[in-house]
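Chemist:
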Amino acid sequence: MRALALTLVLLAAAPAPAAMPGKTLLDHLAKGLRTTQVGDWVTYKLDGGGARVHYWRLAVVGEEKDRLGRDALWLEMEMGTHPAMRAPLSQIRMLIARGQGVAFAPGGITRLIVAMGFDRPQEYSQEALDWAVTKRQPPRAPAAPQRLTSPPVVRSGQETRLMTPAGTVTAVPIDVMYRSTVIKRTWMSREIPILQLAKIEIPRIAHALEVFEYGVNAKPRMLLPDPKTPKVKLEYADKAFPQLPWLEEETP
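Per my numbering, the sequence shown runs over residues 54 to 305.
1. Quick test of your reading: GLY92 and VAL113, contact by CB under 8 Å. State the CB separation rounded to the nearest angstrom.
2. What is the DSSP secondary structure of ARG257, counted as helix, strand or coil?
3. Just verifying my parser: in three-state terms, what is the DSSP assignment at LEU78?
4. Have a look at ILE258, GLU131 and ARG120 and flag the residue whose alpha-carbon is nearest the alpha-carbon of ARG110.
5. Just to confirm, are GLU263 and TYR97 a CB contact at a threshold of 9 Å?
6. Considering only DSSP beta bridges, list what HIS107 is partnered with.
7. From the DSSP output, which residues share a beta bridge with LEU142?
8. Looking only at its chain, what residues have a beta carbon closer than 7 Å to the beta carbon of GLU266, apart from the 5 residues adjacent to it on each side?
9. Reducing DSSP to helix, strand and coil, say where GLN179 ends up.
10. Taking C-beta to C-beta, are SER242 and VAL229 nearer than 9 Å?
11. Starting from LYS281, follow its DSSP beta bridges and name the residues at the other end.
12. How would you write the range of the beta strand (DSSP E) that GLU129 sits in, first residue to last?
13. Pull up the distance between the alpha-carbon of LEU79 and that of TYR108, whole angstroms please.
14. When the Cα atoms are used, what is the spatial distance from PHE171 to PRO278?
15. Would you call PRO198 buried or exposed, if buried means 16 or more other Cβ atoms sit within 10 Å of its Cβ?
16. DSSP three-state call for VAL186: helix, strand or coil?
17. How long is the line joining the alpha carbons of LEU121 and SER143, rounded to whole angstroms?
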């Protein structure tokens, strides 16, 4: 769970789309960005600054109408210490309405199935799902220390070629700057499926998340629970999503 928490922290460090500088990034994405399709998958390598390397895989493995009648995609998420996800540490499968992204937006996710370690997969009941998406919001980016006299600035660089373990891709860097120091750098690429995210770097703590592999031929890999398997009730939801450090750290 520490690796999963660190992944979410790194993702939260990426500027939100509304905060990203417009023209350079929009021009880049306009050169061929396609909507997410069934079969899209991407694996990221997570380097925790000297800690054990982990891998995080996203795959779109199906589509159907959700219970609200919306077009929705089945997204599988796996975390492990091997890129092929041998003996994954966690598997999550969720049905997300199109246009909601992978964020835990209230109402965006209508089904959630979780398997942690060697536990058998279990689907969340509606009350437990509602609790998970409203109480376990993605982490906020760390607030700037109070001694800062001016807010950080978000700026984009020019489109360039970026070397990654998955090969060289065209990407646009988005920097969060404080004076002359880069606090975070996010590389966005239209060539990377699902998130269009190529890399995130937090130089000060030597943490990085970068694309390791990607493709368009994903198949479902998570074993689904038998329909007779009891669903996760509200009182047990905290076991599958335990309290994570950022939820306890409030900036005064």
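Glycine included, C-beta positions come from ideal geometry on N, C-alpha and C.
This structure is a prediction, so every number in the text was calculated from the model and none was measured.
Modeler: Let me lay it out:
1. Start at 1 with the first residue of the sequence shown, and residue 92 comes out as number 39. Start at 1 with the first residue of the sequence shown, and residue 113 comes out as number 60. With a Cβ gap of about 7 Å, GLY92 and VAL113 count as contacting.
2. Within the sequence shown, numbered from 1, the residue matching residue 257 stands at position 204. If DSSP states are grouped into helix, strand and coil, ARG257 belongs with the helices.
3. Locating residue 78 in the sequence shown gives position 25, where the first residue counts as 1. The answer is helix: DSSP assigns LEU78 an H, G or I state.
4. For the purposes of this step, residue 110 is taken as residue 57 along the sequence shown, with counting starting at 1. It is GLU131 whose Cα lies nearest to the Cα of ARG110.
5. Taking the first residue of the sequence shown as 1, we reach residue 263 at position 210. Taking the first residue of the sequence shown as 1, we reach residue 97 at position 44. Going by C-beta atoms, GLU263 is nearer than 9 Å to TYR97.
6. Here residue 107 corresponds to residue number 54 of the sequence shown, with the count starting at 1. Looking at the DSSP assignment, HIS107 forms a beta bridge with LEU99.
7. Position 89 of the sequence shown, counting from 1, holds the residue named residue 142. Answer is none; LEU142 lacks a bridge partner.
8. The residue labelled residue 266 in the question sits at position 213 within the sequence shown. Around GLU266: THR96, PRO136 and ALA219.
9. The sequence position of residue 179 within the sequence shown is 126, counting from 1. Helix at GLN179.
10. One-based indexing of the sequence shown puts residue 242 at position 189. One-based indexing of the sequence shown puts residue 229 at position 176. Cβ atoms of SER242 and VAL229: not closer than 9 Å.
11. Against the sequence shown, residue 281 aligns to sequence position 228. BP columns for LYS281 are empty, so no partner.
12. Here residue 129 refers to the residue found at position 76 when the sequence shown is read from its first residue. 124–133 is the span of the beta strand (DSSP E), which, as asked, contains GLU129.
13. Here residue 79 corresponds to residue number 26 of the sequence shown, with the count starting at 1. Here residue 108 corresponds to residue number 55 of the sequence shown, with the count starting at 1. In a straight line, the C-alpha of LEU79 is about 29 Å away from that of TYR108.
14. Locating residue 171 in the sequence shown gives position 118, where the first residue counts as 1. Locating residue 278 in the sequence shown gives position 225, where the first residue counts as 1. Taking the straight line from one Cα to the other gives about 13 Å.
15. Residue 198 sits at position 145 when you count from the first residue of the sequence shown. At PRO198, the pLDDT of 49 sits below 50, so the modelled position is not reliable and the matter cannot be decided from this model.
16. Sequence index remark: in the sequence shown, residue 186 carries index 133 (1-based). Assigned with DSSP and collapsed to three states, VAL186 falls in helix.
17. Position 68 of the sequence shown holds residue 121. Position 90 of the sequence shown holds residue 143. Approximately 28 Å between the Cα atoms of the pair.
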